[in-house]
Amino acid sequence: MRRPFFPIHPFTHSPIHKLRTHLAVWHFLALCFILISFTASAQPAWEFSGYLVNLPVYQDNPSGPLYMTFPELTFLNLTRLRLRPTLNLGDRTRIALEHEVTALYRTDVLPLYQQAADITNRQRFDWRWYPLQEDYLTVSHFIDRLYVWHEFDFGEITIGRQRVAWGSGRIWNPTDLFNPINPAAFDKLEKDGADLLSGKIFLGNFTDLTLVYNPRREAKDHNGAFRFRSNYRSYDVSLVGGYFDRRVILGGDFAGNLFTAGLRGEGIYAVSRNAGEENFLKFILGLDYQFTAKLYALAEYQHNGQGRRDPRRYDYAALLNGTVINLAQNYLFLQALYQLHPLVNGGLGYNRNLDDNSGFVSLTLSYSFRQNIELSLGGQLCHGRTASEYGFYPQSLYLKGQLFF
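FYI, in our numbering the residues of the sequence shown are 5 to 409.
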């Protein structure tokens, strides 16, 4: 799971760490070459795509006794270049890579709560390098996807760092056991890749079974899950279960129509084997509606049983290390999107923590300058008491330019 805001990486890697990282990459490449040998008769075909994003951000950080060591005003400029080469070995096999180069400039050292770890808790290998690490400028390379996919008559298998997106929620995904995104993370464009061995078995029209294994450094921390997906009348439904973060997980999701509106929900119940940790229930319920060809709106409620209703019991350490994305138990997100012009779209969203009454307003205005170029102006305005969840988030104003190729 990823935290919001922008990463700064003050850590350097030892030669042993770099050696292990390189060996992991070479082992994966060896697997790819073995696979190529089995599909040597197929005609290879290359595909290449990607995007370039520039995101200058002005932030006004919270003030007060808890934040007296933080810079009050900060300017950041985040540039991301993502390259996506794909090698297709016939119609049933492909090897895909997504390599990202990130440059982050900031006018001051970021507070601790805006710093990010090198890897997520679903990544077994640290595939990140830092050609430049200065106090105010960081340049990093990292591999966010690297996998082999092969399809059989009865199913498919994927090995490597990949994206797995489970769940039906628009804002929150309790059944996404891999890397759900914090709604406050306006800088995130992609879900983080997870190091997995996954397989899907086709069981019929609109019905399949997915099995996933996520290795960790210690055997007791390995994760595994299944997802059975099917269709009942006009609803897509699924059942999920597994063992993640030393918890037994069982849940499911659904999506369909309620009259002319869209209705969706998902949830999990977790039985913890961690000492001192309680079992918990997470679920969401959402409704969306296309009022006109130009106006779309949604409302989504989340109950986060892993959180706390009392701000004095918030687990800030878990938020900082990325194992949770919210601190409280009850949330409501409202959003409206409106097409002002065929090339101009506006968005207004409001996320409220119903337990401590903090929240944030998100505003966006986007312009499709060309078919592959988009310019956006946005803001994130947070409110709340000092000890509340969103009380320590900064006020942010940003521009975003995206070039797709």
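Ideal Cβ positions, reconstructed from N, Cα and C, are used throughout, including at glycine.
In its own chain, which residues sit with a C-beta less than 6 Å from the C-beta of Glu-160, not counting the 5 before and 5 after it? Lys-204
Between the region 366-374 and the region 201-217, do at least 3 Cβ pairs fall closer than 8 Å? no
Report all residues from its chain with a CB closer than 6 Å to the CB of Tyr-62; omit the five preceding and five following residues, and keep chain order. Phe-79 and Leu-401
Beta-ladder partner(s) of Tyr-109, from DSSP: According to DSSP, Tyr-109 bridges with Asn-81 and Leu-141.
Spatial distance of Leu-262 from Ala-279 (CA atoms): Put simply, the backbone Cα of Leu-262 is about 42 Å away from that of Ala-279.
Residues near Asp-180 in its chain [Cβ-Cβ closer than 6 Å; skip 5 each side]: Trp-170 and Gly-171
Residues near Tyr-300 in its chain [Cβ-Cβ closer than 6 Å; skip 5 each side]: Gln-294 and Leu-341
What does the Cβ neighbour count give for Lys-198, buried or exposed, with the cut at 16 atoms within 10 Å? Just to set this straight, residue 198 is Ala in the shown sequence, not Lys. Per the 10 Å Cβ criterion, buried.
In whole angstroms, what separates the C-alpha of Tyr-273 from that of Gly-246? 11 Å
In three-state DSSP terms, what is Asp-292? strand
Mark Ala-188 as exposed unless 16 or more other C-beta atoms lie within 10 angstroms of its C-beta, in which case mark it buried. buried
Between Val-168 and the rest of its own chain, which residues show a CB-CB distance below 7 Å, the 5 nearest in sequence each way excluded? Phe-182, Ala-198, Leu-200, Ser-202 and Val-216
Please specify which runs of the beta strand (DSSP E), each continuous and at least 3 residues long, are wholly inside the region 148-197, giving them in chain order. 159-166
Whole runs of the alpha helix (DSSP H) within the region 287-339, excluding any shorter than 4 residues: 320-324
Take Pro-66 as the anchor and find which of Tyr-397, Leu-331, Arg-317 and Tyr-354 has the nearest alpha-carbon. Tyr-397
Using only CA atoms, which one of Phe-156, Ile-175, Leu-150 and Arg-110 lies nearest to Val-143? Arg-110
Compute the beta-carbon to beta-carbon distance between Gln-406 and Val-105, rounded to the nearest angstrom, for a pair I have assumed lies under 8 Å. Contact doesn't hold; Cβ gap of about 15 Å is too wide.
Just the Cα atoms here: how many angstroms apart are Tyr-236 and Gly-266? 15 Å
The region 137-156 / the region 85-100 touching (three or more Cβ pairs under 8 Å): yes
Suppose the cutoff is 8 Å on Cβ atoms and the five residues either side in sequence are ignored; what does the same chain contact list for Met-72 look like? Since pLDDT at Met-72 reaches only 48, below the 50 mark, its modelled position is unreliable, and no value is offered.
Going by DSSP, which residues form a beta bridge with Asp-212? According to DSSP, Asp-212 bridges with Phe-206 and Arg-233.
Between Tyr-394 and the rest of its own chain, which residues show a CB-CB distance below 6 Å, the 5 nearest in sequence each way excluded? Ser-362, Gly-363, Phe-364, Cys-386 and Gly-388
Neighbourhood of Leu-282 by C-beta, 8 Å cutoff - its chain only, sequence neighbours within 5 removed: Per the sequence shown, the amino acid found at residue 282 is Glu instead of Leu. Spatial neighbours of Glu-282 in its own chain (CB-CB distance under 8 Å, excluding positions within 5 residues in sequence) are listed in chain order as Ser-276.
Using three-state DSSP, classify Phe-258 as helix, strand or coil. Strand, per DSSP.
Reduced DSSP secondary structure (H/G/I, E/B, other) of Asp-225: Correct three-state label for Asp-225: helix.
Range covered by the beta strand (DSSP E) that runs through Asp-240: 239-248
Which of the three DSSP states is assigned to Tyr-273 in this structure? strand
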